[in-house]
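Novice: Protein chains in written order, with our numbering: chain A, 1403 to 1880; chain B, 1403 to 1880. Backbone N, C-alpha and C fix where the C-beta goes; we use that ideal spot for every residue, glycine too. Sharing a structure here in structure tokens format.
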């Protein structure tokens, strides 16, 4: 137990310093490491395995809905990036430029992709001819580069990994429906697999993606009350199509511009998992993406038969879950602390007495609840308990969000809440950029989204008193 | 049939112009497209699906042998690339340099990774401390950039996708064993999944990877007799470890340098699949990686019950294979040609007569052999026939290699064979670079490898007449 204590003490408490707690967890759970390249991190095997699980689930949902993967170039010629005015204004200031290739100085600079709308558009201009070619539903898994001044693993890095979907449709309605469909897939990913409750809504114009006509978002609340944008889906109308001269022959035999969407979820979501579910013992992973779902810790493993039994269980359980048996010569206490740090959802303890009684002890990561389970019932009990851990994590996150969601109907209230509390503040808004800027200046909050589920809190804008157009959720964000 | 003919005529015959045939297949089978970025191609959905299947199989074999995936930065500081002398000499001339990041001109240039030895070494220098940390068995899936003057989809592109394994070991013996183990995994991938017979051997010093002490290779023969290096595995000794000051505390408590390997297989292998198995009707895909293994083509589909039956079969067969039903209003002839072009291993034809007789027709892509199969036997017959297509492709490739493998015991013979034939030429070699250069100059051939299975063809070097050290396979290569 002394060792366990030692490990636990090695992390900063989240109440003392949440930012320090976060980086402690990232390092101690072996998720990521800094590299010698400014702003770039290394995703270590444990972090990479989480990302691969997320990728496989999302990719399955994309394919089920008819999307196909492609692999686009990493580099974008400057002239191509400049084709859509708003887009280049948004991204040009933060890209990395390649100016030399091999022995030759390039006549045109190439940027390392910060996002790939323009590459997809150029490709679409070659392959879309008729309404029969639509919809075109493409996605790619890759990394992108956006020059950052600060580095926080998963949350803010110069290079990050993501998927970017890019689709083209015959009509505006179909493109809008796609934008919504993909937002719903992201929400399902968060809620059903990552145990993260999310708010679905639309971004204000100020917070919209560069070049988009509408940006939809799912916003999650971290344990400290700050928001994390967890996935976005954009509707472009035919703006890019016009800029790239992408036309198709319509059903009426006339040329028409297709309507476009794009949508992305990135390795930031791992930051959301850490900050939604973690505690002072470390990471707590949602079972659906945990690289190890059950860790077997043998007790008194020097005693005859214990390691054999543990290994026998590992083999047996590998048919129903991702299981690991730690037979190393570290103490059980060290192992308990180690796998709590790594967020493993269930711990299975088995010692000589358990073997005698043909049972074992299962301990949940989320609430440390212990259950004694007869060995012949493990195949039923483990899936049940994994589900219980998922639900437990989800409930805790939901309660945190509910407890930290406030309502402001006056500017004084808004400023006071923003100063004294950390969380979401619901308030009515007139729709003017000026008020949005004022709320940022005076209360330090940004608009997270205009939730699809609107409430009528008051008739007037919290800032200017003019008639309100919608309820906005405001907050501080990662 | 007119339409089918039209499509078939649209590809250049491989005997007329093999290079043109290759690019025709790449384009007509929708595998890849050119982009506006010099040297960079777009891997289209069908090509991407083949790569994903290859990735999943290889990744499974890597994980079975204890390897873990990581994600390393895309960019390498110039000073880091320069740490190992031979390595930088090999790669610096062909990298792309980032000189500007966001608004700032960089004080140190960053190259887009051409390969990641130096990034892994730097990371290893931080995380390897004791012999208990070894072996360290890492891999990553990513793209790399090497500036190329010419572009041939899959074969030679500035950006290509691959996996790169990088491992560290306690002893030289263990590192050598790993080098061999991974070469064997590549050979298994080629022979058991891609139906491509390969020669395993060691590269001559001239052909070695920059910074390696030994490079092992698997060499495949394309249908035109030229070689394609299909996977390489390198042994580095402790050269990089010394350059990067990576040490660990050994079992004797003394500091020691670990021994290193790296190994890679890339999207070039898709080029190998095309050129090994393709024919004048297009692509022929090995079943293990074919995105569609069975295509159902309804015959007389306007007749009642045909489309329903076809769809019923599709659903039923999706439990045992990757199956697609093409119910479009193109003619059966057009569909036959289309899916032959795409290399689908099996075609299932079903029409009103077949339905009456409770049967269907299965047609193999490799030899067009037709089998009439009772519908209730499909679950047995399809796996059998997929296996038969795999074996058929493998046998054809093996026969091609055997028919095109020659022996030279004199320089005259070597020059004559190289001029008149296209294939592998076995000949003895003294081990001197001078003779290797002379063979290139006079016969236009390069050493492909020194096969593990050596033969004693003569006592002396084919070039200089001095005592021979080993048998080398020579040839022209992609």
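With a cut-off of 8 angstroms, does the C-beta of residue 1748 (chain A) fall near any C-beta of chain B?
Specialist: no
Novice: Just reading off the alpha helix (DSSP H) that residue 1469 (chain B) is part of, what are its end residues?
Specialist: Residue 1469 (chain B) -> no alpha helix (DSSP H), and no H or E assigned at all.
Novice: Quick one: what's got a C-beta closer than 6 angstroms to residue 1820 (chain B)'s C-beta in the same chain, skipping five residues either side?
Specialist: 1845, 1846, 1847
Novice: Just to check my reading of the structure: residue 1447 (chain B) and residue 1472 (chain A) have Cβ atoms closer than 8 angstroms, yes? What is that Cβ distance to the nearest angstrom?
Specialist: 6 angstroms
Novice: Under the three-state reduction of DSSP, which class applies to residue 1798 (chain A): helix, strand or coil?
Specialist: helix
Novice: What runs of the beta strand (DSSP E), each 3 residues or longer, lie entirely inside the segment 1715 to 1767 of chain B?
Specialist: 1725 to 1727, 1748 to 1752, 1761 to 1766
Novice: Restricting to Cα atoms, I'd like to know which of A:1851, A:1878, A:1567, A:1880 is closest to residue 1608 (chain A).
Specialist: A:1851
Novice: Can you tell me where the alpha helix (DSSP H) holding residue 1818 (chain A) begins and where it ends?
Specialist: 1813 to 1822
Novice: Would you tell me roughly how many angstroms separate the C-alpha atoms of residue 1506 (chain A) and residue 1666 (chain A), rounded to the nearest one?
Specialist: 35 angstroms
Novice: With a cut-off of 8 angstroms on the beta carbons, I'd call residue 1791 (chain A) and residue 1783 (chain A) a contact; round off their distance for me.
Specialist: Contact flag wrong, Cβ pair sits at about 12 angstroms.
Novice: Can residue 1870 (chain B) be considered in contact with the ligand MN, in the sense that its beta carbon sits closer than 7 angstroms to one or more heavy atoms?
Specialist: The ligand MN is not part of this structure, which contains no ligands at all.
Novice: Quick check on this structure: which residue in B:1442, B:1653, B:1631 has the alpha carbon closest to the alpha carbon of residue 1534 (chain B)?
Specialist: B:1653
Novice: Under a Cβ-count criterion, where at least 16 other Cβ atoms within 10 Å of its own Cβ denotes burial, should residue 1537 (chain B) be classed as buried or exposed?
Specialist: buried
Novice: Under the rule that 16 or more other beta-carbon atoms within 10 Å means buried, what is residue 1624 (chain B), buried or exposed?
Specialist: buried
Novice: My guess is that residue 1797 (chain A) and residue 1777 (chain A) are in contact by the Cβ rule of under 8 angstroms, so how many angstroms apart are they, rounded?
Specialist: That belief does not hold up - the Cβ atoms of residue 1797 (chain A) and residue 1777 (chain A) are roughly 29 angstroms apart, past 8 angstroms.
Novice: Do residue 1444 (chain A) and residue 1434 (chain A) have their beta-carbon atoms positioned less than 8 angstroms apart in this structure?
Specialist: yes
Novice: Would residue 1515 (chain A) pass as an interface residue toward chain B - the criterion being a Cβ-Cβ separation below 8 angstroms?
Specialist: No, residue 1515 (chain A) lies away from the interface with chain B (no Cβ there is under 8 angstroms from its Cβ).
Novice: Name the residue from A:1440, A:1835, A:1817 whose alpha carbon lies nearest to the alpha carbon of residue 1827 (chain A).
Specialist: A:1817
Novice: So which of A:1557, A:1562, A:1637, A:1602 has the shortest CA-CA distance to residue 1519 (chain A)?
Specialist: Of the listed residues, the one whose Cα sits closest to residue 1519 (chain A) is A:1637.
Novice: Just by C-beta distance, which residues in the segment 1517 to 1534 of chain A are closer than 9 angstroms to chain B?
Specialist: Residues 1521, 1524, 1525, 1528, 1529.
Novice: Would the segment 1730 to 1748 of chain A count as touching the segment 1667 to 1683 of chain A if we require 3 or more Cβ pairs under 8 angstroms?
Specialist: yes
Novice: Given that residue 1503 (chain A) touches chain B, what residues does it touch there, using C-beta distances under 7 angstroms?
Specialist: 1498, 1549
Novice: Would you grab the beta carbon distance between residue 1630 (chain B) and residue 1674 (chain B) for me? Rounded to a whole angstrom, and I think it's under 8 angstroms.
Specialist: 5 angstroms
Novice: Output needed in chain order: residues of the segment 1414 to 1434 of chain B with a Cβ under 7 angstroms from some Cβ in chain A.
Specialist: none
Novice: Could you check whether residue 1646 (chain A) and residue 1530 (chain A) sit closer than 8 angstroms to each other, using their CB atoms as the reference points?
Specialist: no
Novice: Quick check on residue 1834 (chain A): does DSSP put it in helix, strand or coil?
Specialist: Note: residue 1834 (chain A) maps to coil in three-state DSSP.
Novice: In angstroms with no decimal places, state the Cα-to-Cα distance between residue 1413 (chain B) and residue 1825 (chain B).
Specialist: 24 angstroms
Novice: Given that a residue counts as buried once 16 or more other Cβ atoms are within 10 Å of its Cβ, and exposed if not, what is residue 1661 (chain A)?
Specialist: By the neighbour-count rule (16 or more Cβ atoms within 10 Å), residue 1661 (chain A) is buried.
Novice: What is the rounded straight-line gap between the Cα of residue 1543 (chain A) and the Cα of residue 1566 (chain A)?
Specialist: 7 angstroms
Novice: Could you name the residues of the same chain whose beta carbon sits closer than 7 angstroms to that of residue 1552 (chain B), not counting the 5 residues immediately before and after it, in chain order?
Specialist: 1558
Novice: Give me the Cα-Cα distance between residue 1489 (chain A) and residue 1613 (chain A), rounded to the nearest whole angstrom.
Specialist: 5 angstroms
Novice: Relative to the C-alpha of residue 1626 (chain A), which residue among A:1807, A:1755, A:1573 is closest?
Specialist: A:1807
Novice: If the criterion is Cβ atoms closer than 8 angstroms, does the pair residue 1693 (chain A) and residue 1712 (chain A) meet it?
Specialist: no
Novice: Just how far apart, CA to CA, sit residue 1598 (chain A) and residue 1788 (chain A)?
Specialist: 16 angstroms
Novice: Going along chain A, which residues have a C-beta under 9 angstroms from residue 1718 (chain B)?
Specialist: Chain A residues near residue 1718 (chain B): none, gap ~19 angstroms exceeds 9 angstroms.
Novice: Assuming residue 1423 (chain A) is part of the beta strand (DSSP E), what are its boundary residues?
Specialist: Residue 1423 (chain A) -> not in any beta strand (DSSP E); alpha helix (DSSP H) instead, spanning 1420 to 1430.
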